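Chemist: Protein sequence lines, in the order shown, are assigned to chains A and B. Here the numbering used here = 1-based position in the first sequence + 16. Here the numbering used here = 1-based position in the second sequence + 125. For each residue, glycine too, the CB sits at the ideal point set by N, CA and C. Just so you know, these numbers come straight off a predicted model, no measurement behind them.
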Amino acid sequence: MNGVARKVPSLDVSLGSLHLQLPTLMGSGCYGSGEEYAPFVDYAGIGGVVLKSVTRLPRLGNPTPRLSPTPSGMLNAIGLQNPGIDAYLAHDVAKFADRPCAVIGSVAGFSVEDYAEVTARLAARDEIDAIEINISCPNVGHEGETFACDPRLAERATAAARGATAKPLIVKLSPNVTDITEIARRVEAAGADALAVINTVRGMAIDVDRVEPRLGNASGGLSGPAIRPIAVLAVWEVARSVKIPIVGQGGIETARDALEFFLAGASAVSIGTGNFTDPRAPQNVTAGVRDYLAARGHAALREIVGLANAAFAGAR
Amino acid sequence: MPALETSPAIHRTIVSDRREPAPGIVVLGLHAPELARATLPGQFVMVVPPGGERAATALGLYEAEGERVSLLLVVVGPRTRELAALPVGAPLDLLGPLGNGFDLAALGADVALVAGGVGLASLLLPAQALRAAGVRTTLYYGARTAAALIDLDAFAAAGAELVLATDDGTRGHAGYVSEALRAAGREHSGIAACGPSPMLRAVARVAGETGVRAQLSLEETFACGVGACWGCVVPLARESAQAPNFPPVAAGETRDYVHARICKEGPVFWAHELRW
Chain A
17 MNGVARKVPS
27 LDVSLGSLHL
37 QLPTLMGSGC
47 YGSGEEYAPF
57 VDYAGIGGVV
67 LKSVTRLPRL
77 GNPTPRLSPT
87 PSGMLNAIGL
97 QNPGIDAYLA
107 HDVAKFADRP
117 CAVIGSVAGF
127 SVEDYAEVTA
137 RLAARDEIDA
147 IEINISCPNV
157 GHEGETFACD
167 PRLAERATAA
177 ARGATAKPLI
187 VKLSPNVTDI
197 TEIARRVEAA
207 GADALAVINT
217 VRGMAIDVDR
227 VEPRLGNASG
237 GLSGPAIRPI
247 AVLAVWEVAR
257 SVKIPIVGQG
267 GIETARDALE
277 FFLAGASAVS
287 IGTGNFTDPR
297 APQNVTAGVR
307 DYLAARGHAA
317 LREIVGLANA
327 AFAGAR
Chain B
126 MPALETSPAI
136 HRTIVSDRRE
146 PAPGIVVLGL
156 HAPELARATL
166 PGQFVMVVPP
176 GGERAATALG
186 LYEAEGERVS
196 LLLVVVGPRT
206 RELAALPVGA
216 PLDLLGPLGN
226 GFDLAALGAD
236 VALVAGGVGL
246 ASLLLPAQAL
256 RAAGVRTTLY
266 YGARTAAALI
276 DLDAFAAAGA
286 ELVLATDDGT
296 RGHAGYVSEA
306 LRAAGREHSG
316 IAACGPSPML
326 RAVARVAGET
336 GVRAQLSLEE
346 TFACGVGACW
356 GCVVPLARES
366 AQAPNFPPVA
376 AGETRDYVHA
386 RICKEGPVFW
396 AHELRW
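What follows is the structure, encoded as structure tokens:
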């Protein structure tokens, strides 16, 4: 020790007016109503939970099987099973109140009006700190992803949600598009406060013995470490295209995984499938990122957001 | 099954012993005092993969006594191979105990335990608990071949009569274990079964034919194992006491079932309430 007291690097981050003590969100659909992980997690050790997506009407979800493990990842096709906004507000929202982390509601829809109505009703609740709109669910037929794949519709869904709440608005983008940067720019222009990059990558597995798809929905969304390079590139490209903050996600399990996203341009990260491997992943990420910053003399996580991206641009 | 009052947690365990009762089948003993105390018959754990990069593996708790629990592994792929190769002294982290176990009190005074292959793992604790309650038990146990029938002495020690079946006819009934169960007719007051899905469906048919009520512990791929992801659901009658109020009945909804999570509402369900 050299006797100089070194300050612990700060990890807090702002997504619009949403202030997170830690840069780790738990991905929508992977953390249920939040309470399911209560026996295993200290919520003071995570930045926030993005709740499972809710739609205007109740949904029974897709037929089984809904999961299929794949190399370094998994396919899922849950199909937005949820109780609908009426029952959700009556029974579910209050379940995850009074936790020492941010609570972000997730809205899915099938029309521009859905996004406006469900966002307004969910955001009106005090328990909800911010809204993420899921315009990119790959598992509810073509209609579910239409909003993420068509720049004009992505803009309209964002504008509808923006008009419905003044709370921080995150829009979750799909990687299953030709040019994610165009969508990102349109969504930014429509008033989003932050972008979540990326949702799952469409995929399929076939059981060659039974001669049929492994998922009841045939196709599904691929997540886990297998998609991490796809997600890092998407963050890298979106970061060069917009000014609003990015929540990077896709296969993050460790601090070094998360650092790739920060260095590419993400201000925060989201952990989904990584919680299934180990519910301690978020605290491991936080501790490892803090060590990395301290070892390199950084006072705050903010100092390294986009650092690799900027350095690369500067060297060209 | 009634929701159990349990307090699951992350347990840091150490491999205490290891044996291989048959080729490709490993019983992994773990020093896990708190887990051993908390475990009820039919519950399971999620095993955090030692090497990362894979989803956790769901396994039934085979034994739980004193400060030790054990897991019964059949090596079928990279995940189970990794676990089966763990040496004594290796750390292994588990989430558990999870799920609702068997409602043994609802099965009467003469219970048929029905196991297919690795499904045996979820039936030793019920056998021991039933013996302690003075209930007569018979284990119907089917496997591929005689060499894969393991730990018969442990079940005999728990007071179970044994009825065996092998696919290749090398021991016991030649054919499916459900056929041996069918031959027993209405001899038993209740059935508790665990094994691969085709076997459980056959047991459900036998239960339907004989009128003997059966509790089935379902096997499925889990992602989270704690009820968060809704990936492991099974169609369950709306009127089941286990049916989640999720979603509520929508206008125009004609289906008479809901999707219940095997990991959370289950893994044990009444056969007559499944709509699979």
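In this structure, does DSSP put residue 241 of chain A in helix, strand or coil?
Modeler: Taking the first residue of the first sequence as position 1, residue 241 of chain A is located at position 225. It is helical.
Chemist: By the 8 Å beta-carbon criterion, what residues does the region 82-99 of chain A contribute toward chain B?
Modeler: Listed in sequence order: 82, 83, 84, 85, 88, 90, 92, 94, 97, 98, 99.
Chemist: To the nearest whole angstrom, what separates the beta carbons of residue 204 of chain A and residue 258 of chain A, a pair I think is in contact under 8 Å?
Modeler: The count along the first sequence starts at 1 and reaches residue 204 of chain A at position 188. The count along the first sequence starts at 1 and reaches residue 258 of chain A at position 242. Confirmed, about 5 Å.
Chemist: Am I right that residue 45 of chain A and residue 120 of chain A are in contact with their C-beta atoms under 8 Å? What's the rounded C-beta distance?
Modeler: On the first sequence, position 29 is the one that residue 45 of chain A refers to. On the first sequence, position 104 is the one that residue 120 of chain A refers to. Not quite, the Cβ-Cβ distance comes to about 12 Å (not below 8 Å), so this is no contact.
Chemist: According to DSSP, simplified to helix, strand and coil, what is residue 142 of chain B?
Modeler: For the purposes of this step, residue 142 of chain B is taken as residue 17 along the second sequence, with counting starting at 1. Of the three classes helix, strand and coil, the one that applies to residue 142 of chain B here is strand, per DSSP.
Chemist: In chain order, what residues of the same chain lie with their CB nearer than 6 Å to the CB of residue 329 of chain B, ignoring the 5 residues before and after it?
Modeler: To locate residue 329 of chain B, count along the second sequence from 1; it is residue 204. Same-chain partners within the cutoff: 396.
Chemist: Check whether the region 142-155 of chain A touches the region 110-130 of chain A, counting contact only when three or more Cβ pairs, one atom from each stretch, lie closer than 8 Å.
Modeler: At 8 Å Cβ cutoff, the stretches touch.
Chemist: Identify every residue that forms a DSSP beta bridge with residue 35 of chain A.
Modeler: Taking the first sequence and counting its residues from 1, the one referred to as residue 35 of chain A is at position 19. Beta-bridge pairing links residue 35 of chain A to A/30.
Chemist: Does the region 186-199 of chain B come within contact of the region 259-267 of chain B, defined as at least 3 CB pairs closer than 8 Å?
Modeler: Too few Cβ pairs lie closer than 8 Å, so no.
Chemist: Decide yes or no for the touch test of the region 225-235 of chain A against the region 258-272 of chain A: beta carbon pairs closer than 8 Å, at least 3 of them.
Modeler: In short, these stretches do not touch, since the Cβ pair count stays below three.
Chemist: Please report how far the alpha carbon of residue 72 of chain A lies from the alpha carbon of residue 140 of chain A, in whole angstroms.
Modeler: Residue numbering aside, residue 72 of chain A sits at position 56 when the first sequence is read from its first letter. Residue numbering aside, residue 140 of chain A sits at position 124 when the first sequence is read from its first letter. Approximately 15 Å between the Cα atoms of the pair.
Chemist: Beta carbons nearer than 9 Å to chain A: which residues of the region 350-367 of chain B have them?
Modeler: Against chain A - using a Cβ distance shorter than 9 Å - the residues of the region 350-367 of chain B are 350, 351, 352, 353, 354, 355, 356, 357, 358, 359, 360.
Chemist: Starting from residue 330 of chain A, follow the beta strand (DSSP E) in both directions and report where the run begins and ends.
Modeler: For the purposes of this step, residue 330 of chain A is identified with residue 314 of the first sequence, where counting begins at 1. From DSSP, residue 330 of chain A is part of no beta strand (DSSP E) but of the alpha helix (DSSP H) over 323-331.
Chemist: Three or more beta-carbon pairs under 8 Å between the region 46-54 of chain A and the region 75-89 of chain A, yes or no?
Modeler: Cβ pair count under 8 Å is below three, so no.
Chemist: According to a CB-to-CB cut-off of less than 8 Å, which residues of the region 149-177 of chain B neighbour chain A?
Modeler: Going along the region 149-177 of chain B in chain order, one finds 173, 174, 177 with a Cβ nearer than 8 Å to chain A.
Chemist: From residue 236 of chain B to residue 316 of chain B, what distance separates their C-alpha atoms?
Modeler: Residue numbering aside, residue 236 of chain B sits at position 111 when the second sequence is read from its first letter. Residue numbering aside, residue 316 of chain B sits at position 191 when the second sequence is read from its first letter. Their Cα atoms are separated by approximately 6 Å.
Chemist: Determine whether the Cβ of residue 179 of chain B lies closer than 8 Å to any Cβ atom of chain A.
Modeler: Residue mapping note: residue 179 of chain B aligns to position 54 of the second sequence, counting from 1. Judged by the 8 Å Cβ criterion, residue 179 of chain B is in contact with chain A.
Chemist: Go through the region 207-275 of chain A residue by residue and report every complete run of the beta strand (DSSP E) that reaches 3 residues or more, in order.
Modeler: Runs of the beta strand (DSSP E) inside the region 207-275 of chain A: 210-213, 217-219, 236-239, 262-265.
Chemist: Taking the alpha-carbon positions, what's the residue 238 of chain A to residue 213 of chain A distance?
Modeler: Translated into the one-based positions of the first sequence, residue 238 of chain A becomes position 222. Translated into the one-based positions of the first sequence, residue 213 of chain A becomes position 197. Cα-Cα distance, rounded: 14 Å.
Chemist: For residue 282 of chain B, which option in B/376, B/254, B/295 has the closest C-alpha, if you only look at C-alpha atoms?
Modeler: Start at 1 with the first residue of the second sequence, and residue 282 of chain B comes out as number 157. Minimum Cα distance to residue 282 of chain B is reached at B/254.
Chemist: Would you tell me roughly how many angstroms separate the C-alpha atoms of residue 171 of chain B and residue 341 of chain B, rounded to the nearest one?
Modeler: As a working note, residue 171 of chain B is residue 46 in the second sequence. As a working note, residue 341 of chain B is residue 216 in the second sequence. The alpha-carbon atoms of residue 171 of chain B and residue 341 of chain B are separated by roughly 20 Å.
Chemist: DSSP on residue 411 of chain B, reduced to helix/strand/coil?
Modeler: Given a span of 126 to 401 for chain B in the structure shown, any question on residue 411 of chain B remains unanswerable.
Chemist: If we cut at 8 Å on Cβ distances, does residue 208 of chain B have a partner in chain A?
Modeler: As a working mapping, residue 208 of chain B is identified with position 83 in the second sequence. So no, residue 208 of chain B is outside the interface.
Chemist: Buried or exposed: which applies to residue 336 of chain B, given that a residue is buried once 16 or more other Cβ atoms fall within 10 Å of its Cβ?
Modeler: The residue given as residue 336 of chain B occupies position 211 in the second sequence. Looking at its Cβ environment, which holds fewer than 16 other Cβ atoms inside 10 Å, residue 336 of chain B is exposed.
Chemist: Whose C-beta lies closer than 6 Å to the C-beta of residue 268 of chain A among residues of the same chain, with five residues either side of it excluded?
Modeler: One-based indexing of the first sequence puts residue 268 of chain A at position 252. Hits under 6 Å: 274, 285, 287, 290.
Chemist: Identify every residue that forms a DSSP beta bridge with residue 156 of chain B.
Modeler: Numbered from its first residue, the second sequence carries residue 156 of chain B at position 31. Looking at the DSSP assignment, residue 156 of chain B forms a beta bridge with B/139, B/193.
Chemist: I'd like the list of long-range same chain contacts for residue 250 of chain A, defined as Cβ closer than 6 Å, with 5 residues on each side in sequence excluded.
Modeler: Mapped onto the first sequence, residue 250 of chain A falls at position 234. Here the set comprises 191, 196, 213, 214.
Chemist: Exposed or buried, residue 328 of chain A, counting other C-beta atoms within 10 Å across all chains shown (16 or more means buried)?
Modeler: As a first step, residue 328 of chain A is located in the first sequence; it is residue number 312 there, counting from the start. Exposed, by the Cβ-count rule.
Chemist: Please state whether DSSP places residue 370 of chain B in a helix, a strand or coil.
Modeler: If you number the second sequence from 1, residue 370 of chain B lands on position 245. In this structure, residue 370 of chain B counts as coil in the three-state DSSP scheme.
Chemist: Determine the DSSP secondary structure at residue 307 of chain A, reduced to helix, strand or coil.
Modeler: Numbered from 1 along the first sequence, position 291 holds the residue referred to as residue 307 of chain A. Correct three-state label for residue 307 of chain A: helix.
Chemist: Thinking just about the alpha-carbon of each residue, which of A/226, A/106, A/219 is nearest to the one in residue 242 of chain A?
Modeler: As a working mapping, residue 242 of chain A is identified with position 226 in the first sequence. Checking every option, the nearest Cα to that of residue 242 of chain A belongs to A/219.
Chemist: Figure out for me which residue from A/228, A/171, A/96, A/292 has the closest Cα to the Cα of residue 201 of chain A.
Modeler: Sequence index remark: in the first sequence, residue 201 of chain A carries index 185 (1-based). Comparing Cα-Cα distances from residue 201 of chain A to each of A/228, A/171, A/96, A/292, the minimum goes to A/171.
Chemist: Check whether chain A comes within 8 Å of residue 342 of chain B, counting only Cβ atoms and requiring the distance to be less than that.
Modeler: Walking along the second sequence from the start, residue 342 of chain B turns up at place 217. No, its Cβ sits nowhere closer than 8 Å to a Cβ of chain A.
Chemist: Confirm, please, whether the CB-CB distance from residue 203 of chain B to residue 163 of chain B is below 8 Å.
Modeler: Residue 163 of chain B sits at position 38 when you count from the first residue of the second sequence. Residue 203 of chain B sits at position 78 when you count from the first residue of the second sequence. Their beta carbons are not under 8 Å apart, which means residue 163 of chain B does not touch residue 203 of chain B by this criterion.
Chemist: Just the Cα atoms here: how many angstroms apart are residue 154 of chain B and residue 136 of chain B?
Modeler: The sequence position of residue 154 of chain B within the second sequence is 29, counting from 1. The sequence position of residue 136 of chain B within the second sequence is 11, counting from 1. When rounded, the distance between both Cα atoms is 14 Å.
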